[in-house]
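Chains as they are written, first to last, in the UniProt record's numbering: chain A, 1 to 313; chain B, 1 to 313.
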């Protein structure tokens, strides 16, 4: 099967692709319309984002399964107190009472992004809001790396997984965005569901080897990522065996051998989340297909220094 | 005289003001509509910008007197070669053929802003373009620190200076933006002209002591800045003697004594250009009125860490 999405993500001579991670988390609040608007205005054509569903089944763009007090304020403007509510326990209307516009600088997570602007009155968007924005003619070349977050409390619940995938795919199809969307997950069971329900969209297999630390302040994906006992070089074959089109390793896991193997298997390789100049340079030197980053401007500038670009026209 | 502009720039309990320097030079190309849009979207209400005039007398927003090859590409998409043309030698139509969308990372200037996004097809805006944007109701609280750049080749040319000030003031008045504009310059002769022509706008006196290095890659303003032989503590009295309302020192020049003297004289004190976290913290500890920065998100986050905000509502 030929996928029309693939050329937008694949490197070519003179071009390594650039994906804005959750918009541009280093600059503006993650997974917000404000952050996506900035990323698009900066000339970035690949957006990475995280999707889960509310209690009433609305696909929304947010990373963690619980509203996290390092980045969510209540209707009173104060950082969340007490137990962090699960997104899946709230209706979309209830979710709109929370403010996702900034980070608490006292938290470990907040300290990881010290330049992120602090906004007020920012809502967790629906997937449909972003899909609507991308209908505008000026965004016709924008593609999505749409990560579906499986609920760690529902591992093994096939019906729940199917319902989530169906809800997401339905919205993508309603917006006619299938030719510009890649479905992306750490949960390979969920990706199998994507392949069954939406064979017209490539499946993108995230990997993180167990000996690498989780990112502080974020949900870990290791519980759903079936790569225990693998070496880096095993991963492309595992993805190919699962009939994936994209391999998306944590950037510290990739090696030249593994990248060469992925290429031999016909996989597109997108590394995440690459923020430090020396790491960006290393990924450029390796020759990955795409770099997913919280700092799109920084990656643009490193690519240019190497005589490369992130777009073809 | 009471100036309605002053409360927007003056500190108050719990509030130190934040001005975006040339928009947000650390994030997006300086003095561009793209950069101003980002700065406004980040909730910043004070915009600093630089204005000079084209050959046909159009006030345009740009810093250096010559189109500078570290930041300007020609119509062919290549960095400028040969002699850098003076802005005042080009018509506005001619100026629109150049691209101000990014920095050349090989230049000293480009290396100062390694995270600045790289855009293509960005035009040097007219002052009128920004004034039109600020007519939108959502920007009603936005104020301008409008720096007028005197041509170093025309020092002592009173007629040229008057013509420039008249052109700028005329546009501000046409847009009815006088109550939200402060006129700002290193050139105190030019500020005297501003005070004569536009007494309804406060005059903001920039200072940089001669023993501080110029910023690499930028026009120096020392030739027009009459502070030779001054100490920091002399500066507020000099500004007050010139009937200024704002004192805007280079942040390395300010001392607690000088700030106290400025306050005793009723001056608003805005420091520039403060980008490093430790310098931002030092300016917060001093208690200046406003901080002008290339990294608005970073200053927001430092203010919040000190229990402060940059807006009153």
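For glycine and all other residues, C-beta sits at the position ideal for the given N, C-alpha and C.
Since we're looking at a predicted model, the values are computed, not measured.
Own chain, CB closer than 8 Å to residue i, minus 5 neighbours either side, in chain order
i	result
residue 261 of chain B	233, 236, 237
residue 177 of chain B	131, 134, 144
residue 284 of chain A	16, 291, 302, 303, 306, 308
residue 265 of chain A	236, 237, 239, 240
residue 60 of chain B	51, 52, 53, 54, 87, 92, 95, 124, 125, 126, 127
residue 108 of chain B	70, 216, 217
Reference residue i; option with closest CA among the options
i	options	result
residue 133 of chain A	A:278, A:156, A:33, A:249	A:33
residue 73 of chain B	B:96, B:52, B:57	B:96
residue 216 of chain B	B:209, B:230, B:224, B:110	B:110
residue 276 of chain A	A:66, A:193, A:295	A:295
residue 219 of chain A	A:226, A:157, A:16, A:65	A:65
residue 170 of chain B	B:187, B:158, B:194, B:188	B:194
residue 46 of chain B	B:213, B:165, B:143	B:143
residue 10 of chain A	A:241, A:268, A:177	A:268
residue 76 of chain B	B:35, B:56, B:106, B:121	B:121
residue 71 of chain B	B:160, B:176, B:2, B:100	B:100
residue 190 of chain A	A:150, A:118, A:177	A:150
residue 270 of chain A	A:264, A:254, A:29	A:254
residue 162 of chain A	A:42, A:106, A:196, A:264	A:196
residue 112 of chain A	A:273, A:299, A:127	A:273
residue 114 of chain B	A:298, A:310, A:311	A:298
residue 243 of chain A	A:251, A:211, A:202	A:202
residue 51 of chain A	A:123, A:141, A:148	A:148
residue 82 of chain B	B:88, B:89, B:67, B:90	B:67
residue 214 of chain B	B:86, B:251, B:89, B:61	B:251
residue 42 of chain B	A:311, A:138, A:229, A:119	A:119
residue 139 of chain A	A:209, A:212, A:44, A:229	A:44
residue 141 of chain A	A:180, A:209, A:129, A:174	A:180
residue 152 of chain B	B:63, B:137, B:8, B:107	B:63
residue 2 of chain A	A:136, A:157, A:199	A:199
Same chain only: Cβ atoms within 6 Å of residue i, ignoring 5 sequence neighbours per side
i	result
residue 48 of chain A	19, 21, 145, 292
residue 207 of chain B	227, 235, 249
residue 328 of chain A	Residue 328 of chain A is absent from the structure shown; chain A starts at 1 and stops at 313.
residue 104 of chain A	70, 79, 110
residue 186 of chain A	206, 221, 224, 225
residue 154 of chain A	160
residue 172 of chain A	178, 181
Opposing strand residues paired with residue i [DSSP bridges]
i	result
residue 323 of chain A	No answer is possible for residue 323 of chain A: the residues shown for chain A start at 1 and end at 313.
residue 182 of chain B	B:145
residue 47 of chain A	A:20, A:144
residue 53 of chain B	B:59
residue 188 of chain B	For residue 188 of chain B, which the question treats as bridged, DSSP gives no partner whatsoever.
Neighbouring residues, chain A, relative to residue i (Cβ below 9 Å)
i	result
residue 34 of chain B	41, 42
residue 51 of chain B	The premise fails here: residue 51 of chain B is roughly 23 Å from chain A at the closest Cβ pair, so nothing lies under 9 Å.
Coarse secondary structure for residue i, derived from DSSP in three states
i	result
residue 284 of chain A	helix
residue 91 of chain A	coil
residue 35 of chain B	helix
residue 194 of chain A	helix
residue 310 of chain B	coil
residue 41 of chain A	helix
residue 273 of chain B	coil
residue 228 of chain B	coil
residue 296 of chain B	helix
residue 59 of chain B	strand
residue 122 of chain A	coil
residue 25 of chain B	coil
residue 237 of chain B	helix
residue 291 of chain A	strand
residue 99 of chain A	strand
residue 163 of chain B	helix
residue 176 of chain B	coil
residue 302 of chain B	helix
residue 314 of chain B	Not covered by the structure: residue 314 of chain B. The range shown for chain B is 1 to 313.
Contacts of residue i in chain B (Cβ-Cβ under 8 Å)
i	result
residue 308 of chain A	Chain B residues near residue 308 of chain A: none, gap ~12 Å exceeds 8 Å.
Chain B contact residues for residue i, given Cβ-Cβ distances below 7 Å
i	result
residue 87 of chain A	Simply none; closest approach about 25 Å.
residue 321 of chain A	Not covered by the structure: residue 321 of chain A. The range shown for chain A is 1 to 313.
Close beta carbons around residue i, own chain, < 7 Å, minus the five adjacent residues each side
i	result
residue 58 of chain B	92, 126
residue 257 of chain B	233
residue 28 of chain B	34, 35, 38, 116, 117
residue 14 of chain A	308, 309
Proximal residues of chain D, C-beta to C-beta of residue i below 7 Å
i	result
residue 298 of chain B	The structure shown has no chain D; the protein chains it does contain are A and B.
Residues that residue i contacts on chain A, provided the C-beta gap is smaller than 7 Å
i	result
residue 27 of chain B	27, 297
residue 9 of chain B	Simply none; closest approach about 20 Å.
Residues that residue i contacts on chain A, provided the C-beta gap is smaller than 8 Å
i	result
residue 130 of chain B	Chain A residues near residue 130 of chain B: none, gap ~16 Å exceeds 8 Å.
residue 120 of chain B	43
residue 38 of chain B	38, 41
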